[in-house]
Amino acid sequence: MSDKADIDTELVRRVQRGDKGAFDLLVRKYQQRVAKLISRFISDAAEVEDVTQEAFIKAYRALPNFRGDSAFYTWLYRIATNAAKNHLVTIRRRPPRSDVDVTSGATEQGYELEGDESPEGEMMSEEIRRTIQKTLEEMPEELRLALTMCEFDGLTYEEISEVMECPIGTVRSRIFRARHLLDSKLRPLISEHEVEDVV
Amino acid sequence: MNDRLKEQVSALVDNEVESASSNSLDQVLKSPELRQTWQRYHQLGDWMRGAADGKVVNVDVADRVRMALESEPAILIPVQSSVDSAEATSSSDVGANVVSGPRPWGQIAGIGIAAAVASLTVLLFQQNNFLGLDDQLPFLASSETTLHSVETDNSNVAAIVQTAESSQDSQADQLNSTTQPTQLSASFQEKLDAYLVSHVKQSATNGMQGMLPYARVVNHGTGASVKNSRIGRQGR
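As given, the protein sequences belong to chains Z and C, one line each in that order.
Take the first sequence: its position 191, counting from 1, is numbered 191 in the numbering used here, and each next residue is one higher.
Take the second sequence: its position 166, counting from 1, is numbered 166 in the numbering used here, and each next residue is one higher.
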């Protein structure tokens, strides 16, 4: 594991050398997590998008001062939390009194801020949830196990290969095939949703 | 799109590549389609975890952020040396997540030393090379020159009389007869006059003693009485 590359560090390094495309990859990687965090503070979906965008822009501007002593996502989450709080202050709402946990988005007091998601958003989330569940149930067990051990348990390919008693290359292939399968089921759903939005 | 490339992206998403600067990252950066794949694979993981905890968020601000950043200047940070990087990594204070700039102390010390040397050079030049009197000054200093009477008339020194010092021994009369006050040559006196006037002006402006060590000691006549010369101070 020690010789494994840290993709975030490499991407940050590239951004600090003037490569804006590397920052685009960081945005694509973390936008869901940042938006989820911000949605704990702000209920309106459009505002969540705006503040998410603002948080990434602030992060980009602050990147020259990022030295990498903490993980990039920890640093980014701090920026996102502040952006959400500032947004609430700006629109004269009261920000939560306690901090939000970086990893889960839950507050220190153990409760989550209520969000009043729109019916369309709620329906979309439910569809995504159902599709993921159904696809995982239907896919071959070795694919499901490899993917869930990777995504839920955070195991490395090497650790998964030991658990599944197969070569690392096989693990890599199984995880890819599982993702590919899920992606093929979810993509029409998202495209459909985007068309509805346009209409 | 080649499945092999997508599999590489899948491994990249899981941080399962040997080197971060590998071709797979470069390929993702270059290909719009692979960027989308990178985004969707990360999204899948977030959605899987979101589905598990009952909160699925679906946003896509990548294009908006990219467009907003188009007008932003690109970040360019000088590459740090390995020593600096090691120091930065070992630092654990709260505010340490900041890139340290170049240390200015070395430059400041260098500039200070250069300024001191330059100042010293100028002072030495002013003191020793003024009016080209290098040859005469030792003479004035070594011979016991008597500044018998210096009259200042605004800017002129009236006369400088050199008398040989007469000792108090038995040859005093002889010496006195042979060492009558002698007028310096006209050219030298003119040069010296100009020098002294300039010296007074210079010493008034920069507070230097200039020629005073040479000119103040006065041996008057044959006796032991010594009196200070009157030096024009109109410039002060």
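Just so you know, even glycine gets a beta-carbon here, dropped at the ideal spot from N, CA and C.
Pick from the options that is closest to residue i, judged by C-alpha positions
i                : options                                : result
GLU300 (chain C) : Z:SER161, Z:ILE91, Z:ARG92, Z:PHE23    : There is no way to answer for residue 300 (chain C), as the model of chain C reaches only from 1 to 236.
ASN58 (chain C)  : Z:THR74, Z:TYR30, Z:ALA62              : Z:TYR30
GLU138 (chain Z) : Z:SER125, Z:LEU181, Z:GLU122, Z:GLU120 : Z:LEU181
GLU120 (chain Z) : Z:ASP44, Z:ASP19, Z:GLN133             : Z:ASP44
GLY18 (chain Z)  : C:SER185, C:LEU192, C:PRO78, C:ILE108  : C:PRO78
THR74 (chain Z)  : Z:VAL34, Z:GLU165, Z:VAL51, Z:MET149   : Z:VAL34
ARG187 (chain Z) : Z:GLU159, Z:THR135, Z:VAL171, Z:ARG13  : Z:THR135
ASP50 (chain Z)  : Z:VAL171, Z:GLU165, Z:ASN86, Z:GLU159  : Z:ASN86
ASP6 (chain Z)   : Z:ALA62, Z:SER70, Z:VAL171             : Z:SER70
Sub-8 Å separation of residue i and residue j beta-carbons
i                : j                : result
ALA83 (chain Z)  : LYS58 (chain Z)  : yes
PHE41 (chain Z)  : LEU88 (chain Z)  : yes
TRP47 (chain C)  : VAL9 (chain C)   : no
ALA51 (chain C)  : ILE190 (chain Z) : no
VAL48 (chain Z)  : SER39 (chain Z)  : yes
VAL28 (chain C)  : LEU25 (chain Z)  : yes
PHE72 (chain Z)  : ASP153 (chain Z) : no
VAL61 (chain C)  : GLN53 (chain Z)  : yes
TYR157 (chain Z) : GLU16 (chain C)  : yes
ASP183 (chain Z) : ARG40 (chain C)  : yes
GLU151 (chain Z) : ARG49 (chain C)  : yes
MET201 (chain Z) : LEU143 (chain Z) : It is not possible to answer for residue 201 (chain Z), since the shown part of chain Z is limited to 1 through 199.
Rounded straight-line distance, which links the Cα of residue j to that of residue i
i                : j                : result
THR131 (chain Z) : GLY54 (chain C)  : 14 Å
LEU147 (chain Z) : ASP14 (chain C)  : 11 Å
PRO64 (chain Z)  : ILE75 (chain C)  : 7 Å
GLY21 (chain Z)  : VAL15 (chain Z)  : 8 Å
PRO167 (chain Z) : LEU44 (chain C)  : 24 Å
SER161 (chain Z) : ALA68 (chain C)  : 43 Å
LEU25 (chain C)  : ALA114 (chain C) : 50 Å
LEU123 (chain C) : VAL200 (chain C) : 16 Å
ALA194 (chain C) : GLN126 (chain C) : 15 Å
LYS36 (chain Z)  : ASP3 (chain C)   : 30 Å
LEU12 (chain C)  : THR90 (chain Z)  : 39 Å
ALA46 (chain Z)  : ILE79 (chain Z)  : 19 Å
SER173 (chain Z) : LYS185 (chain Z) : 19 Å
GLY68 (chain Z)  : LEU145 (chain Z) : 33 Å
VAL65 (chain C)  : GLY169 (chain Z) : 36 Å
GLU141 (chain Z) : ILE175 (chain Z) : 11 Å
VAL163 (chain Z) : ARG177 (chain Z) : 19 Å
VAL197 (chain C) : LEU120 (chain C) : 24 Å
PHE188 (chain C) : ILE108 (chain C) : 47 Å
ARG13 (chain Z)  : HIS42 (chain C)  : 20 Å
ASP63 (chain C)  : GLN32 (chain Z)  : 14 Å
GLU165 (chain Z) : PRO73 (chain C)  : 50 Å
GLU190 (chain C) : GLN202 (chain C) : 18 Å
VAL171 (chain Z) : ALA55 (chain Z)  : 35 Å
ASN23 (chain C)  : LYS30 (chain C)  : 10 Å
GLU33 (chain C)  : GLN133 (chain Z) : 26 Å
Burial state of residue i, where buried means 16 or more other Cβ atoms lie within 10 Å
i                : result
ARG179 (chain Z) : buried
GLU18 (chain C)  : exposed
THR81 (chain Z)  : buried
MET123 (chain Z) : exposed
LYS6 (chain C)   : buried
ALA116 (chain C) : exposed
ALA118 (chain C) : exposed
GLU114 (chain Z) : In this prediction, GLU114 (chain Z) has a pLDDT of 43, which is less than 50 and means its spatial position is unreliable; what the coordinates show is noted afterwards. It counts as exposed.
VAL186 (chain C) : The sequence as given places Ala at residue 186 (chain C); Val does not occur at that position. Classification for ALA186 (chain C): exposed.
Near the ligand NAP: residue i beta-carbon under 7 Å from a heavy atom
i               : result
MET48 (chain C) : Of ligands this structure carries none, so the ligand NAP is not represented either.
When you check each C-beta in the segment 25 to 43 of chain C against every C-beta of chain Z, which residues fall closer than 7 Å? LEU25, VAL28, LEU29, ARG35, TRP38, GLN39, ARG40, TYR41, HIS42, GLN43
Using a beta-carbon distance cut-off of less than 9 Å, what residues from the segment 5 to 23 of chain Z approach chain C? ALA5, ASP6, ILE7, ASP8, THR9, GLU10, LEU11, ARG13, ARG14, VAL15, GLN16, ARG17, GLY18, ASP19, LYS20, GLY21, ALA22, PHE23
Going along the chain, which residues of the segment 124 to 145 of chain Z sit with their C-beta nearer than 7 Å to a C-beta in chain C? Legend: CB atoms of the segment 124 to 145 of chain Z lying less than 7 Å from CB atoms of chain C belong to residues MET124, SER125, ILE128, ARG129, ILE132, GLN133.
For the segment 169 to 191 of chain Z, which residues have a beta carbon sitting closer than 8 Å to at least one beta carbon of chain C? Legend: CB atoms of the segment 169 to 191 of chain Z lying less than 8 Å from CB atoms of chain C belong to residues ARG172, SER173, ILE175, PHE176, ARG179, HIS180, LEU182, ASP183, LEU186, ARG187, ILE190.
Of the residues that make up the segment 58 to 74 of chain Z, which ones have a beta carbon closer than 8 Å to any beta carbon in chain C? TYR60, ARG61, LEU63, PRO64, ASN65, PHE66, ARG67, GLY68, ASP69, SER70
For the segment 43 to 58 of chain C, list every residue whose C-beta sits within 9 Å of some C-beta in chain Z, in sequence order. GLN43, LEU44, GLY45, ASP46, TRP47, MET48, ARG49, GLY50, ALA51, ALA52, ASP53, GLY54, LYS55, VAL56, VAL57, ASN58
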